[in-house]
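Numbers -22 to -1, 1 to 314, taken from mature numbering (1 follows the signal peptide of the UniProt record, and there is no 0), label the letters of the sequence shown in order. Have a look at the structure below, then the notes.
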Amino acid sequence: MRTIALVATGAAVLMSMPSVQGHGYILNPAAQWTQGYPSNGFGSTIDNKVFGEIDGGKYGYGPNGSVNIIKAKLPTKGGGSLGAFIAKNQKLYNNKVDPDCGLTAFKDSARSKLPASQLEYTGFTHPGPCEVWCDDTKVLFDYDCQSKYSAIPAKIPYDKSKCANANRLTIYWIAVQGTPWQVYTDCVWLKGGSGRGAAPSSVGRGASTVAAGSSSSSTPATTTAPSSNSTPSTNSSPSTSTTSSTTTARTSGSAEIGGEASATATASASASASASASASASASASASASASASASASADMTPTATTAPSTSTTEETTPATEAPSTSTSGKCTRRQ
């Protein structure tokens, strides 16, 4: 009962914790979206150990450590640009994400006009680098766009002349508040251009590998498979195994596309597992004691009573890992 109480307390704490997700997308010029409306969820991820283990003593810890190792390694190991680094190392959230343009879509009849002097982004709500291209011309770059463009929405001064006669604007952002790093890539097709075009030539085609464990399912699945031996024996090895697997992915038509597991489902599974394990262990111990006593009462037998009750509770949860946000903005939510 004490174990169950502790689990229930832990569940209450988990449910009270706010979810942490990065979010952001281009506002001006306006993009078109694969689902028909703006989407602020990440389209892909990059392993935070892509440059090796982050030495906290050298680079710092948390998001600052990630920003600093990118500063140190990107110039020599990043492929020449942030876009090229993303294209080479990204893992797509699922197979519906465009390798070059994330969750944005090409619509030739809905091209956008460039603003006069400032691009606008919903907000760089977490630390991390960003980069803007117009066709094959790099327009701007910074290692920490949250610090550089801190307003909500973010106002990004740029040299419009670098986008003269451009067909497509592409903006890349990596949010490094957690692991893995989250990648946001938006493409905007511009007035005066024609055709879909391609990624910047020095960036190249984006990797199309889908991250392991990604799913098109929008419903978390919890499976419980307890097993116990109900027949007393002088050799008793009851086993209770509870396995809970929770996966959250893209939610169609909602404000979230996945990336975080259901704390409620996990806590419920944990409480159930603890209760089952406690009951099974008590029953097994009683059965083993009874069997041992019966064996000792027999004068003509020399039994070896072996009692090995085993209670194993294993809970495996596979959510998208998130770390606490350093942002002072409102609660982050994951979008479709």
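No residue lacks a Cβ here, since even glycine has one placed at the ideal position from N, Cα and C.
Expected contact under 8 Å - CB spacing of residue i and residue j to nearest Å
i      : j      : result
Ala114 : Ser180 : Note that residue 114 is Asp in the sequence shown here, rather than Ala. Right, the Cβ-Cβ distance comes to about 7 Å (below 8 Å), so this counts as a contact.
Tyr99  : Ile134 : 6 Å
Pro107 : Tyr127 : Wrong, their Cβ atoms sit about 12 Å apart, outside the cutoff.
Thr17  : Tyr39  : In the sequence under discussion, the amino acid at residue 17 is Ser, which differs from the Thr named in the question. So it is not a contact: roughly 31 Å between Cβ atoms.
Of the listed residues the options, nearest to residue i (C-alpha basis)
i      : options                           : result
Lys140 : Tyr127, Leu118 and Ala153         : Leu118
Lys36  : Ala50, Asp25, Ile24 and Lys27     : Ala50
Ser90  : Asn6, Gly175 and Pro178           : Asn6
Lys66  : Ala190, Val161, Leu168 and Gly191 : Val161
Pro105 : Trp151, Phe63 and Gly175          : Trp151
Phe102 : Tyr15, Tyr136 and Val154          : Val154
Asp137 : Pro93, Ser59 and Ala8             : Pro93
Ala8   : Ala88, Gln68, Arg174 and Ile130   : Ala88
Leu97  : Ala185, Ile130, Gly175 and Gly58  : Ile130
Lys69  : Gly170, Asp86, Pro158 and Ala132  : Pro158
Phe29  : Lys116, Ile64 and Gln10           : Ile64
Phe84  : Gln10, Ala132, Gly170 and Gly58   : Gln10
Residue i versus residue j - alpha carbon distance
i      : j      : result
Gly43  : Pro53  : 17 Å
Ala144 : Cys112 : 6 Å
Val45  : Gln124 : 11 Å
Thr12  : Thr82  : 6 Å
Thr148 : Asp33  : 32 Å
Ala177 : Arg183 : 6 Å
Pro41  : Asn26  : 10 Å
Ala142 : Glu31  : 42 Å
Gly156 : Leu168 : 33 Å
Ala62  : Ala189 : 19 Å
Tyr15  : Gly191 : 26 Å
Thr163 : Gly56  : 17 Å
Leu60  : Glu109 : 7 Å
Thr187 : Ser95  : 36 Å
Val166 : Cys79  : 9 Å
Gly175 : Tyr71  : 23 Å
Asp86  : Arg146 : 11 Å
Gly58  : Ala185 : 16 Å
Gly170 : His1   : 30 Å
Ala132 : Lys116 : 19 Å
Those residues which DSSP pairs with residue i across a bridge
i      : result
Phe119 : Glu109
Ile24  : Trp159
Gly80  : Asp76
Cys165 : Thr148
Tyr15  : Partner(s): none; Tyr15 has no beta bridge.
Ile4   : Tyr99
Ser90  : Leu168
Pro53  : Pro53 pairs with nothing; no bridge assigned.
Lys66  : None, per the DSSP bridge assignment.
Lys133 : Glu98
Segment contact flag, the region 10 to 23 with the region 74 to 87, C-beta cutoff 8 Å, min 3 pairs: Touching, yes.
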